[in-house]
Amino acid sequence: MPALKKTPANSHAPEQRTEQRTEQQPEQRTEQQLRVTMLPAPALETIYANAFQTNYSHGEILLTACVSRNEQDQQGPVLAVQPQKAIGMSPESAKRLAAALVQTIQQYEAQYGEIALY
């Protein structure tokens, strides 16, 4: 099975492999299947984020995960936002991420109830 070409958009993603299977029966067409193999993550780090910033340029979308908290300074209350990690991806990968998040949120709300935004 040939490995997918690594690009900046998927170089940190789990390795994906493709497999082609041709059925030799006369009435069936050639089928292509994509199998995804999750490999062990040697140093997978989990971070917490409650705020996000997005930026884009031609061919790239950047998602920055941040932690925000209410603080007080000499002038009064202030919202402090501290960036934690950034993920750069292709617009196509960003669209797949958005679709996966929508699906996950729908499943979450079906099980636990609607998420209220304030």
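First residue of the sequence shown? That's 41 in the numbering used here, and the numbers climb one at a time after it. Each residue gets a CB set at the ideal place from its N, CA and C atoms; glycine is no exception.
Check, Outcome
"Reduced DSSP secondary structure (H/G/I, E/B, other) of T144", "helix"
"Pair within 8 Å by beta-carbon distance, A105 and A89", "yes"
"Contacts around S108, its chain only, beta-carbon distance under 8 Å, and the 5 residues preceding and following it disregarded", "N90, A91, L119, A120, V121 and Q122"
"Between the CA atoms of Q146 and L103 - distance to the nearest angstrom", "22 Å"
"M129 and I87 closer than 8 Å at C-beta", "no"
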